[in-house]
Structure formats: C-alpha cells, structure tokens
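Structure first, then comments.
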Amino acid sequence: MAHFFYVHYALPTYFKNIFEGHVATQYFDGTSRDDAHLGMIPGPADQKIDQRSEAAYYGPSYMIDYLWNEAEGVTVETVLINCHYPITSNSFMLQWGAIVKKFPGMSDEEADAMAAQVAEGVGLGFMQDVEIWKNKAPIDNPLLCDQDGPVYQLRRWYEQFYVDVEDVTPEMTNRFEFEIDTSRAVETWEREVAGNVADGVSFSMIPASRRT
Ligand SMILES: [Fe+2]
18 MAHFFYVHYA
28 LPTYFKNIFE
38 GHVATQYFDG
48 TSRDDAHLGM
58 IPGPADQKID
68 QRSEAAYYGP
78 SYMIDYLWNE
88 AEGVTVETVL
98 INCHYPITSN
108 SFMLQWGAIV
118 KKFPGMSDEE
128 ADAMAAQVAE
138 GVGLGFMQDV
148 EIWKNKAPID
158 NPLLCDQDGP
168 VYQLRRWYEQ
178 FYVDVEDVTP
188 EMTNRFEFEI
198 DTSRAVETWE
208 REVAGNVADG
218 VSFSMIPASR
228 RT
C-alpha cells in the first residue's frame, strides 16, 4: 500500500488484496498528492486526480490493470496489460501496452493524441515499478511491519506455479482477502505533503514531451 505513496505519488484511501485460485487481485483507490504532478491524464499539471485501479495477475506473469483517473468531473479509462516471463535465471522478457477509452464526440485524431498522452503518463508510472524490479533481490524471511500486507500469503499463492499440479495445496489457492485501513498512514502522509507544499518541494511525473 505504501508503495503507491512513495513510488506513484498517490495517497491511498482504499486498499485490498484478494487471492483466489490462480488469480491475485489488488484493489486501490486514491488521490494524487498535492506535492506531485501526475501525467496520467491530460490537463493542467497541478490538477487533483482521483484514481481507481483494479489489477489482477492471472498466473505469475500476466496482469490486466483497469485504471480510472478522474479530474474535474472527467474520467479517463485505461487498461494496462503487462506480461513478464523468465528468459534466463536472472532476467525476464517484459512486454506491456495500454489502451485508452475514446470520449464520445472525439475525432479519431483527438482520441489518438489523448491515448498517446495518457499511455505515456501511465508508462512513466509503470517504469518506476520496472526500476524497482531491476534492483530487487529475494529475501526468504523478510522482517515485515504491520502495513506491509500479506507477503507470506502472496508467496503461498505464488508457490502453486512452482510445483507439479498434483502438489498444489488448498493453502495456495483458497480465497484469501486482506484489506488495509489506510487512514492512519494517510494522516501522517498528509502532514508530510503539507510540509513539502510549504517548503516548495514538488515531484513531477509529467512526461518530458508535455513539459514546457
Ligand atoms: Fe507500482
């Protein structure tokens, strides 16, 4: 959950994981931080964006992420697809793409331009995840804090793809739900953000092509 604040510059207001069978889903609601400019949708850099995401992994290497980004009453709907499979013992092939829903009344040219802008903004956010993956190392027994979420259950879910089918156990595939109350973290983060705003510190996720 904290990943969204530190990596994607969002304040999470709702966060839940559901694992069931071979599907692992993450539900997220949030808003953009007042000290950050996000490029997920067209519009002024300092606009407040309300965000919703439903991201599900179907197996260990294929994810579909439905994204709703809303600013000033306008919602942009995006689908991000992400696929990564191992090609050597320490590297993987990454393929991803995004589609953006056309607004009614928009010409094909306008829709193409908007989709390109949105995909660039979403892509920039996704590349921050990739940067983390590049620097990740496995730790078998991580020291976790309360808000880290069900890391060990996620590993039980993941384990089903590393054993023969007859060795898959119910603890790997049973429905498991975990919701984190974000209110206490948000309280602390709002103070941090307000401090940054007061100090004139801000973060930009606006793609280079849209900066003036
Ligand atoms: Fe991420």
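The opening position of the sequence shown corresponds to residue 18 in this note's numbering, with each subsequent residue numbered one higher. Note that beta-carbon positions come from the ideal geometry of N, C-alpha and C, so glycine has one too.
Can you check DSSP and say which residues form a bridge with Val210? Paired residues: none, contrary to the question.
Sequence-distant residues of the same chain with beta carbon closer than 6 angstroms to Thr17, five excluded per side: Outside the shown range of the chain, which is 18 to 229, sits residue 17, and nothing can be said about it.
Quick one, which of Gln145, Ser106, Phe109 and Val91 has its alpha-carbon nearest Lys119's? Val91
With a threshold of 7 angstroms (Cβ to nearest heavy atom), would Val24 be considered close to ligand 1? Taking 7 angstroms as the cut-off, the C-beta of Val24 counts as close to a heavy atom of ligand 1.
In whole angstroms, what separates the C-alpha of Pro167 from that of Phe195? Distance from the CA of Pro167 to the CA of Phe195, rounded to the nearest whole angstrom, comes to 7 angstroms.
Of the residues Leu111, Gly56 and His39, which one's Cα is nearest the Cα of Pro77? His39
As assigned by DSSP and simplified to three states, the class of Gly140: helix
Among the candidates Ile156, Ala128 and Asn34, whose CA atom is the shortest distance from the CA of Trp174? Asn34
Is Gly56 closer than 8 angstroms to Gly138 when the C-beta atoms are compared? Their beta carbons are under 8 angstroms apart, which means Gly138 touches Gly56 by this criterion.
Beta carbon of Val24, beta carbon of Ile58: below 8 angstroms? no
Backbone secondary structure at Phe120 - three-state DSSP: coil
Going by other Cβ atoms of all chains shown within 10 Å of its Cβ, with 16 needed for buried, is Phe45 buried or exposed? buried
Tell me Arg69's beta-bridge partners as DSSP assigns them. Asp46 and Trp85
Inspect the beta-carbon positions of Gly60 and Ala88 and report whether they are closer than 8 angstroms. yes
Could you give the distance in angstroms between the alpha-carbon of Ser106 and the alpha-carbon of Gly217? When rounded, the separation of the alpha-carbon atoms in Ser106 and Gly217 is 45 angstroms.
Does at least one heavy atom of ligand 1 sit under 7 angstroms from the Cβ of His101? no
As a quick exercise: from His20, Ala53, Ala73 and Ala27, pick the residue whose alpha carbon is nearest that of Phe36. Ala73
Run the proximity test for Asp146: is its beta-carbon closer than 7 angstroms to any non-hydrogen atom belonging to ligand 1? yes
Please work out which residues of its chain come closer than 8 angstroms, Cβ to Cβ, to Thr48, disregarding the five sequence neighbours upstream and downstream, and give them in chain order. Contacts found: Ala27, Leu28, Thr30, Lys65, Ile66, Asp67 and Gln68.
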